[in-house]
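Read in numbering that gives the first Met the number 0, the sequence shown has 8 at position 9, and its numbers run on one by one without any break.
Worksheet for the structure shown next.
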Amino acid sequence: MIIALCDCNNFFVSCERRRDPSLEGLPVIVLSHNDGCVIARSNEAKALNIGMAVPFFTVRGICKAHGVVALKGDHTLYRQTSRDVMECLGGLFPEVEVSSIDEAYLLLTGIQTLDPARTCLGARGKLLLSTGIPASFGIAPTKTLAKIASRFSKKDPSYNGVFNFLDHPAADDLLASLSVGDVWGIGSRSLERLRQMGIRTALDLKNADDEKLLKRFPIGMLRTSHELRGVCCHSFEPDPESHKSIQIAPSFRKPVTDLETLQSTAAEHAVEAAKTLRAEGLVCGVVQVSIQTNPFRKDLPQYEATADQRIEEPTDYSPLLADAARQATEKIYKPGYAYRRVGVVLGDLSDSSSRQSLLFSTRDRSREKKLMEAMDSINRALGDDTIKPWFTKETPAE
Ligand SMILES: [Mg+2]
């Protein structure tokens, strides 16, 4: 398999510059909708050492001193631009897998008549011309290596935005120069345990012992190690049904049998998903809850069910979403089963700016908005879940 990852550069900033070309060359940052944290930076802003995800007030001084333009995120614009980018890529490559708002995997197998790097270089130019968005391309036999390749293509301007990892003569040296924490899918929790095993770079992980990895980590770590060796473990999936919903569905450590625990877990998942909702400026019209017993315990009675709870006025207000999750859970709950999983999907998403108010609405929208903004910014500043809505409580969910 030969794939390329196309990753738009400083995407939100590039969208803003597409709308207002006078921002070109200036240091620009974009702030999150809900709590004013930095969510995108132009290269000029990065050069001023403005960090990612930091609250604006901590960089206000630098911004003032250097004339940094700080813009509030316009997610409607970003989604529209993303659609244009993906449409353009769809016209250039036979198979496209959209993986996020500013990233897509492109299948190059089958169009090898040209050199893949030249194909991507051409695509990069056409994308810039037709959408105004600059992007970086990383070419490799696996998704994990393609991610790394796109990273390299950004670092050194002499690559012209395209880095080809296929048959690269210095592939191992490059992997040795990359910290293992910068490999796709390696979280901060795994990092410490990897260090204890002497695995510090991407090359160390590539050369790690399979059995030792399996002993210490979930299967995903072994997959990542194999992907670094060029063995494909994450398949290419064109056009997934993504970004039309936000979902959370972890398993319980211990089975749960009572309605109250299921309900409060569902409510907690809804509250968690609502953070993403607000950060992206969306509102939700339906909350879907699924409950399931452990399918591997054939000796136990099996049950699974899903229910929807529609919300009269689409909202991003955590207490309403949590309440809907509780109601949906109650609809499908049956006693006498050991539940292993409760999942929540926020669906029917739309832009919060375009939501319509019911004629006789009794809700105080501005109060709801202020409350959620306050909660999000305190949690962002002091760590997740410093404050939660009163109805969520500790549960055995992972
Ligand atoms: Mg990007």
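Every residue, glycine too, gets a C-beta built ideally from N, C-alpha and C.
Model, not experiment: these values are computed from the prediction.
Can you tell me whether residue i sits near ligand 1, meaning its C-beta is under 7 Å from at least one heavy atom of the ligand?
| i | result |
| --- | --- |
| residue 10 | yes |
| residue 102 | yes |
| residue 119 | no |
| residue 5 | no |
At what residues does the alpha helix (DSSP H) containing residue i begin and finish?
| i | result |
| --- | --- |
| residue 253 | Careful: residue 253 lies outside any alpha helix (DSSP H), inside the beta strand (DSSP E) at 250 to 255. |
| residue 232 | Note, residue 232: premise wrong, no alpha helix (DSSP H); not H, not E. |
| residue 203 | 201 to 205 |
| residue 377 | 364 to 381 |
| residue 95 | Note, residue 95: premise wrong, no alpha helix (DSSP H); beta strand (DSSP E) at 95 to 99. |
| residue 145 | 142 to 154 |
| residue 245 | That residue, residue 245, is in no alpha helix (DSSP H); its beta strand (DSSP E) goes 245 to 247. |
| residue 124 | 115 to 130 |
Could you tell me the alpha carbon to alpha carbon distance between residue i and residue j, rounded to whole angstroms?
| i | j | result |
| --- | --- | --- |
| residue 215 | residue 223 | 14 Å |
| residue 232 | residue 349 | 34 Å |
| residue 89 | residue 35 | 34 Å |
| residue 170 | residue 164 | 7 Å |
| residue 245 | residue 62 | 34 Å |
| residue 278 | residue 237 | 27 Å |
| residue 316 | residue 282 | 8 Å |
| residue 95 | residue 247 | 25 Å |
| residue 239 | residue 207 | Per-residue confidence for residue 239 stands at a pLDDT of 49, beneath the threshold of 50, marking its modelled position as unreliable; the derived number appears in the next sentence. Rounded to the nearest angstrom, the two C-alpha atoms are 32 Å apart. |
| residue 202 | residue 261 | 43 Å |
| residue 77 | residue 11 | 6 Å |
| residue 229 | residue 126 | 28 Å |
| residue 115 | residue 18 | 31 Å |
| residue 212 | residue 226 | 14 Å |
| residue 249 | residue 217 | 15 Å |
| residue 151 | residue 180 | 15 Å |
| residue 187 | residue 195 | 13 Å |
| residue 299 | residue 14 | 53 Å |
| residue 29 | residue 43 | 13 Å |
| residue 168 | residue 174 | 12 Å |
| residue 377 | residue 275 | 15 Å |
| residue 369 | residue 16 | 30 Å |
| residue 145 | residue 327 | 41 Å |
| residue 379 | residue 117 | 43 Å |
| residue 158 | residue 123 | 12 Å |
| residue 301 | residue 346 | 27 Å |
| residue 197 | residue 234 | 29 Å |
| residue 290 | residue 322 | 16 Å |
| residue 59 | residue 256 | 51 Å |
| residue 251 | residue 344 | 17 Å |
| residue 149 | residue 182 | 12 Å |
| residue 184 | residue 87 | 28 Å |
Check for me: the beta strand (DSSP E) holding residue i runs from which residue to which?
| i | result |
| --- | --- |
| residue 165 | That residue, residue 165, is in no beta strand (DSSP E); it is neither H nor E in DSSP. |
| residue 292 | 281 to 292 |
| residue 3 | 2 to 7 |
| residue 104 | 102 to 106 |
| residue 73 | No beta strand (DSSP E) contains residue 73, which DSSP labels as neither H nor E. |
| residue 222 | Note, residue 222: premise wrong, no beta strand (DSSP E); alpha helix (DSSP H) at 218 to 227. |
| residue 342 | 338 to 350 |
| residue 27 | 27 to 30 |
| residue 305 | 303 to 314 |
| residue 136 | 134 to 139 |
| residue 296 | That residue, residue 296, is in no beta strand (DSSP E); it is neither H nor E in DSSP. |
| residue 399 | Any answer about residue 399 is impossible in this case: the structure gives the chain only from 0 up to 397. |
| residue 38 | 37 to 40 |
* So does the stretch 14 to 27 actually touch the stretch 66 to 74, counting three or more Cβ pairs closer than 8 Å? -> yes
* Flag this pair as touching only if the stretch 120 to 138 and the stretch 0 to 17 have three or more C-beta atom pairs under 8 Å; answer yes or no. => yes
* Does the stretch 304 to 316 come within contact of the stretch 272 to 288, defined as at least 3 CB pairs closer than 8 Å? -> yes
* Please confirm if the stretch 260 to 274 is in contact with the stretch 317 to 337, defined as three or more CB-CB distances below 8 Å between the two stretches. => yes
* To do: Answer yes if the stretch 335 to 345 comes into contact with the stretch 290 to 303, meaning at least three C-beta pairs across the two stretches below 8 Å, and no otherwise.
  => yes
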